[in-house]
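Data block below; observations after.
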Amino acid sequence: MTAERRQGFAPLRRFWAMTIKEFIQMTRDRLTMGMMIMLPIMQLLLFGFAINTTPHHLPTAVMMGESTDASRAILAALQNTDFFDINGVATTPDAMDRMLESGEVLFVVEIPPNFERDLRRGLSPSLLVAADATDPVASSSALGALSGIINTSLAGLRHIRIEAAQDPPYTIIQHRRYNPAGKSTLNIVPGLLGTILTMTLLIFTALAVTREIERGTMENLLAMPIRPIEIMMGKIMPYVFVGTFQAALIIFSGLFVFDVPILGDPWSLALLTLLFVVTNLSIGYTFSTIAKNQLQAVQMSMMFFLPSILLSGFMFPFDGMPKWAQYIGECLPLTHYLRIVRAIMLKGADITVLGFDSAMLAAIALVAITIAVTRFHTTLD
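Under the working numbering, residues 5 to 385 are what the sequence shown spells out, in order.
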């Protein structure tokens, strides 16, 4: 091979050498390699198995005004369908209100007294269905299937004729609680409050320690007469104010731009929002102590943010997801905060009704703070 031909291949050899060098450098960054492999797998699993735009097995309670063949047939039909899971019995209207307000159930089917008697006499009795309509997607499909389920359950009873071509001999009165018009903004805007706080606060604090390390200013901080925990708290505190400002901005925008009400106690909302802000800051700070550079810190934040928006009930109904996805979702602070903010703003729920989600949010915050402090001490050592 002549010198001219070898010289002609030189750019290709340099290109190939640079490509190999980049592959080697990529494989040495185990965190980045792991995310490159896991991120598409996670997206495939979540969208393929966990996400269901037509939710099934929605928690439902019944309020039985009588115990007759008709009421038992309706109850059995609801239990055997994929749309509803009967997991409670409401004995009074107040109990029904509490179950809906706390989020324990999404539907309450009330069978009134003398329903079968009036049905046999052709008096067109009414069934009352109270639905939690804060999530219109979850409630609409199930309510649409309810008439067919009840028709099927009553078709086998003697002296009751239900013709497919005729109107049923009863009426279903639907009470869409908390969002009777089915406005999507009433569901989305409170959800955006938690989602925006999660995304921004995670990234802000995930860069807190790695930025100091990359700039070489961490040694200067350690040389100052200040303890490590004071460094951590001092770096987090500005973002507490940032998160509080963001939350106030979103809430006031929801009030005055999108007409989203705050029916509950504003101070309870403010207190639990502050707890949610601290939880996300602690998680982001933990990522900051694990990552070796700012790119890894952002990557870890996005890996946490993806399941948060998909498995928390923000984009898709939480109760419509499979059990394994719900178990993962229960470990995410956004899941509990979305229940809290929607219940306070749309249902007027007080903090006593939200005890479980408030306790879970506090527990996640405590664990996140403990891990963040431990990891920060390890990083300094």
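Cβ atoms here follow ideal geometry from the backbone N, Cα and C, with glycine treated the same way.
Of the residues the options, the one placed nearest residue i, counting alpha carbons only
i: L310; options: L43, L196, A77 and V244; result: L43
i: F208; options: S157, I192, V281 and P97; result: V281
i: G238; options: I313, A212, L104 and I332; result: A212
i: G333; options: L358, A347, I368 and V357; result: I368
i: H179; options: S157, L131, L196 and L158; result: L131
i: D136; options: R121, T72, G107 and L127; result: G107
i: I235; options: A376, T356 and Q83; result: A376
i: M307; options: L50, R18, T72 and T23; result: L50
i: I255; options: V193, L285 and Q303; result: V193
i: G126; options: M37, P173 and A159; result: P173
i: A80; options: R124, R215 and T156; result: T156
i: T214; options: L365, M364 and Y289; result: Y289
i: I217; options: N297, A65 and A149; result: N297
i: F401; options: L253, Y331, L190 and G198; result: One cannot answer for residue 401 here, as it falls past the ends of the chain, which runs 5 to 385.
i: R76; options: P97, P116, M37 and L104; result: P116
i: T64; options: G186, N84, I41 and D89; result: D89
i: P140; options: I373, T356 and L110; result: L110
CA-to-CA distance, residue j to residue i, given in whole angstroms
i: S257; j: S188; result: 16 angstroms
i: G324; j: L315; result: 10 angstroms
i: F291; j: A301; result: 6 angstroms
i: V371; j: Y341; result: 16 angstroms
i: P232; j: H381; result: 7 angstroms
i: L16; j: R32; result: 25 angstroms
i: V1; j: T95; result: Within the shown structure, residues of the chain are numbered from 5 to 385, placing residue 1 beyond reach of any answer.
i: A168; j: P184; result: Confidence at A168 is low in this model, with a pLDDT of 46, below 50, so the placement of that residue should be treated as unreliable; the coordinate-derived value is given next. Roughly 29 angstroms between the two C-alpha positions.
i: M67; j: M100; result: 8 angstroms
i: T1; j: L259; result: For residue 1 there is no data in the structure shown, the boundaries of the chain being 5 and 385.
i: A21; j: A295; result: 29 angstroms
i: A74; j: F119; result: 8 angstroms
i: I287; j: M304; result: 10 angstroms
i: M46; j: V345; result: 28 angstroms
i: R379; j: L285; result: 14 angstroms
i: I55; j: R121; result: 43 angstroms
i: T283; j: R34; result: 27 angstroms
i: R219; j: L299; result: 14 angstroms
i: T175; j: A274; result: 43 angstroms
i: D86; j: K25; result: 55 angstroms
i: T277; j: E105; result: 19 angstroms
i: V93; j: P59; result: 22 angstroms
i: A251; j: L197; result: 6 angstroms
Where the alpha helix (DSSP H) containing residue i begins and where it ends
i: L314; result: Q298 to L315
i: R121; result: F119 to R124
i: F208; result: S188 to A210
i: M100; result: P97 to S106
i: T138; result: Neither: T138 is in no alpha helix (DSSP H) and is coded neither H nor E.
i: M237; result: P232 to F260
i: T339; result: P337 to R346
i: I332; result: K327 to E334
Identity of the residues DSSP links to residue i by a beta bridge
i: R215; result: Paired residues: none, contrary to the question.
i: L62; result: F88
i: D354; result: D354 is not bridged to any residue.
i: S130; result: T175
i: M68; result: I115
i: A295; result: Answer is none; A295 lacks a bridge partner.
Residue interval of the beta strand (DSSP E) (run including residue i)
i: F88; result: F88 to V93
i: H179; result: T175 to R181
i: F111; result: F111 to I115
is_contact[residue i, chain C] using C-beta, thresh 8 angstroms
i: L104; result: The displayed structure is made up of one protein chain only, and chain C is not part of it.
Near the ligand NAP: residue i beta-carbon under 7 angstroms from a heavy atom
i: T23; result: Of the ligands one can find in the structure shown there are none, so the ligand NAP has no counterpart to examine.
If contact is defined by three or more beta carbon pairs under 8 angstroms, each pair taking one atom from either stretch, is the segment 320-336 in contact with the segment 241-257?
Result no; under three Cβ-Cβ pairs closer than 8 angstroms.
Taking three-plus beta-carbon pairs below 8 angstroms as touching, is the segment 344-359 in contact with the segment 254-270?
Taking 8 angstroms as the limit for Cβ pairs, the verdict is that the segment 254-270 does touch the segment 344-359.
Check whether the segment 195-204 touches the segment 330-345, counting contact only when three or more Cβ pairs, one atom from each stretch, lie closer than 8 angstroms.
Put simply, the segment 195-204 touches the segment 330-345. At least three CB pairs are less than 8 angstroms apart.
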